[in-house]
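Chemist: These protein sequences, in sequence, are chains A and B.
Quick note, the first sequence lines up with residues 31 to 1096 if you use the working numbering.
Quick note, the second sequence lines up with residues 11 to 335 if you use the working numbering.
We treat Cβ as the ideally placed atom computed from N, Cα and C, and that holds for glycine.
Treat the numbers as computed from the prediction; the structure is a model and nothing was measured.
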Amino acid sequence: MNKKKKKRIIQLSVVAGLLIILIAVLVINSATKEPGAQQFEYENFDEMEFNPFITNEDRLDNSLLKYGKVLSKYAKKGYKYYTGDDISYDFSTDTNGNLTIYETGKPETAVTVEGSDASEALSLFSQIEMFAEGFKYTDPSKDAEVVVTDIEDGLYASTGKTTITFQVTIPEAALYSLKLDYYLLSGKYADMLVSFTIDEKYPFAEASNLSLKRTYTFYDTDYLENKDIVGNQIRGKTMILYGQRSQIMTNPDGLYKDPYRFYMTEGTHVITMTFDREPGVINGISFVAPPVVSSYEDYKAANGFSEGAIYKGGIIKTELEVADFVTSISTRMETDGNYCTSSDVNAKPYKVTLYNIFGGDKWNTGGDMAKWTFSVPETGWYELGFRYKSQLTYVACYREIRIDDEIPFEEMKEYCFPYSNGWIGTSLCDANQNPYLFYLEKGTHTITITNKVGPLRHALLSLEESMDSISTLINKIVKITASTRSSSGGYIVDSNRDWDLQKYIPSIQEDIATYRELFDKTYEEILSLNGNKIPSYASAIQVASELFEKFEEDLEKIPTSLNDINNALSGLSTTLSSIKDQPMTADYMVACTSGYDYPNTISSGWQNFKVGVVRFIDSFDTEKYKNYGLREEVTDDDTEITVYVSRAREYVTILENMIGEDFTAKYGIKVNVNMVAGSSEGLIMPRYVAGTAPDVAISIGVGTPFEYAVRSALTPLDTFEAGEYNGQPYLGFEDLKGESYYDEVFRPIVFKDHCYGFPETQGWSALFYRTDIFEELGITPPDTWQDVYDIIPILTNSGYDFCYNYGVGGYTPFLYQHGGTFYDEHGMVSALGTQAAYDGFIEYCNLYLQYNFVYAANFYMRFKSGEMPIGIGDMGFYCQLNYAAPELEGKWAMRPVPGHATINEAGEVVIDRSMNAVGTCSIILSSSKLKEESWIFLQWWASDDVQAEYGREIEATFGVAGRWTTANKNAVQELPYTAEELEVINAQWEWIKETPQTLGDYYTSRYLVTALNQTVLQGQSARVAIEDAIREINKEMRRKQEQYWDILADGPDPSIGSCLHSLKEN
Amino acid sequence: MAKNNDSNKKESAVPAVQKPKKRFFNVEKRFGYTLHEIWRYKMSYGLIAPFFIVFIIFSLLPLLASTALSFTYWSILEDPVFTGLDNYQYLFVDDPLFLKAFSNTLYYAVIVGPCGYVASYFFAWLINQVPDKFRALYVLAFYAPSLTSGVAMAVVWGVMFSNDSTGYLNALLLKLGFIYEPIMWTQDVNLIMPVTIVVALWSSLGTGFLSFVAGFRGVDRELYDAAAVDGVTSRFQRLLYVDIPQTMPQLLFAAVLQITGAFTVGGTMAGHPSPEDAGLTIMLHLGDYSGTRFEVGYASAIAVVLSVLILGLGRIAFKLLQDKE
């Protein structure tokens, strides 16, 4: 009996324990809920305060002032808005064929337009021969060429810079806005850059940096049905949506609430406009009355609001995943696995991949616009609401909302979507949580949402200004304390000395106080504008404030804390870009009756738990992962090749989609794409030994093919000839290489007359410099190393440094530019002992010994701060500048790397800019049974179109930060680089020189580093160091050659192959 | 059956009353007899089997394979080629880097081995004095560093010994005015090994330390009383006359671990390749040949030499510390 009781107790306690666990799980899961996002009150105006660190800034010329400050000046003077009709201008030609401009409807007012175009003289669109039969483009959705003939004629702006100058007559002194009508022609998926001056002066500083936005759309009309065999949706691709557009010029980054307005006096004015980067037709220029938007009360009154007119029917739900158009290729449909996320597709979002939401991390950039269509069943007053989610913790998102292209009332100019912890469904409402009502007539409407920075613009500005001013202060202090720099770039200050800073900088005490107050104020502002929540980026401001508080108490701490100030500044510069980063995700929009209660917008704890369990169980379903991205079942009869890719999931998904859509459809070859972690080299070797190696591996380092080829594990690719497969022609090795790839890139992947890999990616290097600092110093960027040595004293005098990479990579260009090589022409012994190589070595070492270059520095941080206004950076640096340092836009430029003047074969003096470009390549394993099929895949992958398209897709996913580094020189031209940037890249690539691989080559870099360290760091004789290194290198090479003597016996050229004749001659 | 009983003395250990069983093995043969004995103690063998199978597959077989491969040239991708003693000839006569690696490893082992060993014992003894409640906490605190080796080495010590003025140590020395230029801790040829040793000592309280802690727990409390009666007065004396003799098995176990650990040291703070090979250890040298140079045969030869070295030192440790009863 007792035993039974015990048993019973145990049973009960087990059940109770399980229940407790279950409840705990539910509680934890539902704990993610938080009361809905609360709307809050915020002030909003465009006028900006003047810089407290510059006296009399308000007296500066408008062309030097930010727009917000110009507005403040206008406000003081009480200028009124122009209210008359638009003053529009059209283009035409006179009898001589010169371009003229006239007021719309008055051809007699025509005056000649002066200016120039990059390609030829200024001309009308209709005069361009290429467009004689209209503008043609390929529509990928129909795979057909579309001809547009009804483009209204106007100024044709080509890819380069087009400048026009003309006179206008203004009827009254007032504030005007500028409106442009345009049609962008096919280009590189970028916006057209615009700038304009009035009477040779910018009306405000930002007038130099405007843009005309391109529009994009999805081309999969049947995107709902586009799935793989598992049921995962495949994301439609984005294509350019061509069409006539018009735009009132506004800040391209959404910094200001209203479109730009500027003051013009009565009478004639000279207007100059430039158009750059993308080709297009400008078919209308108008000066218009600045748009005025009424307040919500007026809006209600004007549309005759009455309680009875409020819509009473059911909700009208519009899925937002497919926008009519977007202005950024990166904002598009994304996937979300939340239980409650809805979609037009009938499937559970947590079981398969569904593209069921819009936006995400990439819907964050100010100025980006998206437009949707929806319709309402009856005329009346509606609440509009969204199911949305903030992407960043405690970051509110500001958006402009237009209905039918008009802003309905003032509050919609910069509406704040308050931070929500997870998904939330809520109507647009005012600070008291009372929903706004919108008057909509029966029928179809559009809603346009534009990203804005919002009132945070003031915080942005004051931080930017204080940072500039603090940098200047640091420079002043360094001049007083005469601090030196350590080799790593930090300031070295004698901490045992006292400086009476106040004696030299009398205002320092007040300045420090001003900074501190400003930081505190900005912090408060950010707090209130995010609904009293503190985003993580604000901590940098707190740090800076605390630091300056410390200085306020004791000025003596400043000289010894210069490095701390610099760290604080770099933290603040991250804050600058974070403030603008306001990403948001939207699921659907509803138009509904007043007081509608949103059901099921937030998944419950139980639903989350269910999703978790289903996904966990699904993760054991290997079949599902194998079929991921396949459009058809693979059967035994199919030819299927296996490809290893060691790239991130997104890269692989895009590749899989392209294979399914294009490659398999065309050649009928199935491809099993395997995403392998880390370096695929490490996985391929054991697989090869075990006999289960893949057929193809892509994204392989260029050093690997040689090592594998020596051990006969690879298939030579140069033997592949052009042919046909399944009735589809494919290219041979020579055809593919000939026009699209640089010969030099093949150098490392050649072994004994054969080429064992095909280049895939290839970086580039360039000389980056700060144009603003160079202008200030009055120097030009260097073209040769001699030029560099000439400007070094000027740079050093002002406390600036040149950034150049210390190490073997830094020495290589010097070696090549002096005419040296790493190995002799057979690749059998080291050639570092030649006079040319030695000269290069000495010159390189002198950069550090004589010119005191910094060994190791964070070029990006110091380029931004201006301490290193010039240096050699690679493509990663370029992407970083573009992505993370938008505040530097227009303040830097790039040029090909400096070189050495030499005389070429034709007897001309040229600048030898030889440098290597690091890349990856693709290989076919020798164990592959499907060699021809593998080659067909490789030639498809390496072809111009595929590389260009892949580059576009990658850009759409990652933005400029992930720009595809294709080695295909034709595909690179299609990437959204500017014309000037492409010029630099092409010029640099002309001088690509790659290092051949040979037996035992790994010793070269090892012992070169030793020789460099001995010479530069330890001050030993360069000749001795080099000779020691060569002895070791040759010994190892000899040892390796002995191991492979039978291979070398029938022709001792391990590294240079006759398959590349052009290389052999070099 | 009865004949077997007569011919084998050991068999008589089986109680005679037991029914004669069917024998699986011919116990007259020596091998058969062994198998028979194994069968008899099948329970014990069954208990050690999981370890033994894993040991054979992952330790013994690779060791044998490695020994066989050390007489060949093998680039992994091609078949091995028999080359006799060439690898050993190159190793002992021709390879200057092996000497460098050997001396670096020895330098490391001589300091980290004994110091770590003594430190382990000392700290375990100290912790043994701590009241039971807090002991686990202390053990965890001392043991944790050896668990977090890889990541912690890179993060914590990387910041500590950073080559620029932002490194903790450099910053401190700069602040105190001892140096004017930051020291290149992980790049200076003379500092690489010392820095590595410092970091290694920090993380040297590993499994050996745990075994000591357990060993001290296992010492019979009554012995302390007995020792006190015999005139032991201080804790140090108690350590000398009671604790050390009582923890001999643990001392041996830890010594073997310590030797193995010290000689198979892999990465140093300088990474690989290090300036002038100042941070080259035998394991790195081995990895260099098998990974970068595709010479697994030679790498195997290095591995064999290293194994022999460790085995030899292990024997010495056994001789010194084994129970002499």
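Determine, using beta carbons only, whether residue 229 of chain B and residue 274 of chain B come nearer to each other than 8 Å.
Modeler: Not closer than 8 Å, so no.
Chemist: Closer than 8 Å, CB to CB, is residue 86 of chain B near chain A or not?
Modeler: Judged by the 8 Å Cβ criterion, residue 86 of chain B is in contact with chain A.
Chemist: In the DSSP assignment, find the unbroken alpha helix (DSSP H) run with residue 330 of chain A in it and report its ends.
Modeler: 326-332 is the span of the alpha helix (DSSP H), which, as asked, contains residue 330 of chain A.
Chemist: What does DSSP give as the partner residue(s) for residue 748 of chain A in the beta ladder?
Modeler: According to DSSP, residue 748 of chain A bridges with nothing at all.
Chemist: Using a Cβ-Cβ distance under 8 Å, would residue 676 of chain A count as near chain B?
Modeler: Judged by the 8 Å Cβ criterion, residue 676 of chain A is not in contact with chain B.
Chemist: Just the C-alpha distance for residue 768 of chain A and residue 792 of chain A, rounded to the nearest angstrom, thanks.
Modeler: For residue 768 of chain A and residue 792 of chain A, the distance between alpha carbons rounds to 17 Å.
Chemist: Under the three-state reduction of DSSP, which class applies to residue 242 of chain B: helix, strand or coil?
Modeler: Coil, per DSSP.
Chemist: Could you pull the start and end residues of the beta strand (DSSP E) that residue 1097 of chain A belongs to?
Modeler: Since the displayed chain A opens at 31 and closes at 1096, residue 1097 of chain A lies outside it and no answer follows.
Chemist: I'd like to know if residue 283 of chain B contacts chain A, where contact means its C-beta is closer than 8 Å to some C-beta of that chain.
Modeler: For residue 283 of chain B, the answer is yes, since a Cβ of chain A falls inside 8 Å of its Cβ.
Chemist: Go ahead and label residue 464 of chain A buried or exposed: buried means 16 or more other beta carbons lie within 10 angstroms of its beta carbon, across all protein chains shown.
Modeler: Its Cβ having fewer than 16 others within 10 Å, residue 464 of chain A is exposed.
Chemist: Quick one: list the residues of chain A neighbouring residue 83 of chain B, beta-carbon separation under 9 Å, in chain order.
Modeler: Going along chain A in sequence order, the residues near residue 83 of chain B (Cβ under 9 Å) are 1073.
Chemist: Can you tell me where the alpha helix (DSSP H) holding residue 240 of chain A begins and where it ends?
Modeler: No alpha helix (DSSP H) holds residue 240 of chain A; the beta strand (DSSP E) holding it covers 240-242.
Chemist: Report the rounded CA-to-CA distance for residue 115 of chain B versus residue 369 of chain A, giving the unit in angstroms.
Modeler: Each residue's alpha carbon lies about 58 Å from the other.
Chemist: I need the DSSP call for residue 734 of chain A, collapsed to helix, strand or coil.
Modeler: Residue 734 of chain A: helix per DSSP, three-state reduction.
Chemist: Under 7 Å Cβ to Cβ from residue 943 of chain A, same chain only, skipping five residues before and after it: list those, please.
Modeler: Excluding residues within five positions, the ones whose Cβ falls inside 7 Å are 926, 927, 929, 1018, 1021.
Chemist: So what's residue 69 of chain B in DSSP terms, helix, strand or just coil?
Modeler: Note: residue 69 of chain B maps to helix in three-state DSSP.
Chemist: At 9 Å on the CB atoms, spell out the chain A contacts of residue 277 of chain B, in chain order.
Modeler: Under the 9 Å cutoff, chain A gives no residues; its nearest Cβ is about 17 Å from residue 277 of chain B.
Chemist: Identify, in the order they occur along the chain, each residue of the same chain with its Cβ nearer than 8 Å to the Cβ of residue 1053 of chain A, setting aside the five sequence neighbours on each side.
Modeler: Contacts found: 868.
Chemist: So which of A:364, A:872, A:145 has the shortest CA-CA distance to residue 303 of chain A?
Modeler: Answer by Cα proximity: A:145.
Chemist: How would you list, in chain order, the residues of chain A whose beta-carbon sits under 8 Å from the beta-carbon of residue 304 of chain B?
Modeler: Within chain A, the residues near residue 304 of chain B are 737, 741.
Chemist: Excluding the 5 residues preceding and the 5 following residue 80 of chain B in the sequence, name in chain order all residues of the same chain whose CB lies nearer than 6 Å to its CB.
Modeler: Within the same chain, residue 80 of chain B has close Cβ partners 97, 310, 311, 314.
Chemist: Decide yes or no for the touch test of the stretch 417-424 of chain A against the stretch 437-446 of chain A: beta carbon pairs closer than 8 Å, at least 3 of them.
Modeler: Contact between the stretch 417-424 of chain A and the stretch 437-446 of chain A is absent, because fewer than three Cβ pairs lie under 8 Å.
Chemist: Are any of the Cβ atoms in chain A nearer than 8 Å to that of residue 153 of chain B?
Modeler: With 8 Å as the cut-off, residue 153 of chain B does not count as an interface residue toward chain A.
Chemist: Do residue 792 of chain A and the ligand COA come close, with the Cβ less than 7 Å from some heavy atom?
Modeler: Only the bare structure without any ligand can be found here, which leaves the ligand COA out of the picture.
Chemist: Chain A partners of residue 286 of chain B, CB-CB under 7 Å?
Modeler: Ordered by position in chain A, the residues that pass the 7 Å Cβ test against residue 286 of chain B are 1040.
Chemist: Any residues in the stretch 700-731 of chain A with a beta carbon nearer than 7 Å to a beta carbon of chain B? Which ones, in chain order?
Modeler: Against chain B - using a Cβ distance shorter than 7 Å - the residues of the stretch 700-731 of chain A are 715, 718, 719.
Chemist: Considering only C-alpha positions, which residue in the set A:682, A:852, A:954 is nearest to residue 750 of chain A?
Modeler: Residue A:954 is the option with its Cα nearest to residue 750 of chain A.
Chemist: Have a look at residue 1008 of chain A and residue 307 of chain A and give me their C-alpha separation to the nearest angstrom.
Modeler: Roughly 6 Å separates the two Cα atoms.
Chemist: Flag this pair as touching only if the stretch 207-218 of chain A and the stretch 265-279 of chain A have three or more C-beta atom pairs under 8 Å; answer yes or no.
Modeler: A contact exists between the stretch 207-218 of chain A and the stretch 265-279 of chain A.
Chemist: Below 8 Å, how does it come out for the stretch 896-913 of chain A and the stretch 800-811 of chain A: are there three or more Cβ pairs, yes or no?
Modeler: Short answer: they touch.
Chemist: Since residue 69 of chain A contacts residue 461 of chain A with CB under 8 Å, what's their CB separation in whole angstroms?
Modeler: So it is a contact: roughly 6 Å between Cβ atoms.
Chemist: Along the beta strand (DSSP E) that carries residue 759 of chain A, what are the first and last residues, could you check?
Modeler: Start and end: 758-760.
Chemist: Can you look up residue 142 of chain B in the DSSP assignment and give me helix, strand or coil?
Modeler: The answer is helix: DSSP assigns residue 142 of chain B an H, G or I state.
Chemist: Which residues of chain B have a Cβ atom closer than 8 Å to the Cβ of residue 1036 of chain A, listed in chain order?
Modeler: Correct list: 283.
Chemist: Determine the burial state of residue 119 of chain A: buried for a count of at least 16 other Cβ atoms within 10 Å of its Cβ, exposed for fewer.
Modeler: Buried: at least 16 other Cβ atoms inside 10 Å.
Chemist: Could you check which residue in B:210, B:191, B:296, B:245 has the C-alpha nearest to that of residue 336 of chain B?
Modeler: Residue coverage of chain B in this structure runs from 11 to 335, which leaves residue 336 of chain B outside it and unanswerable.
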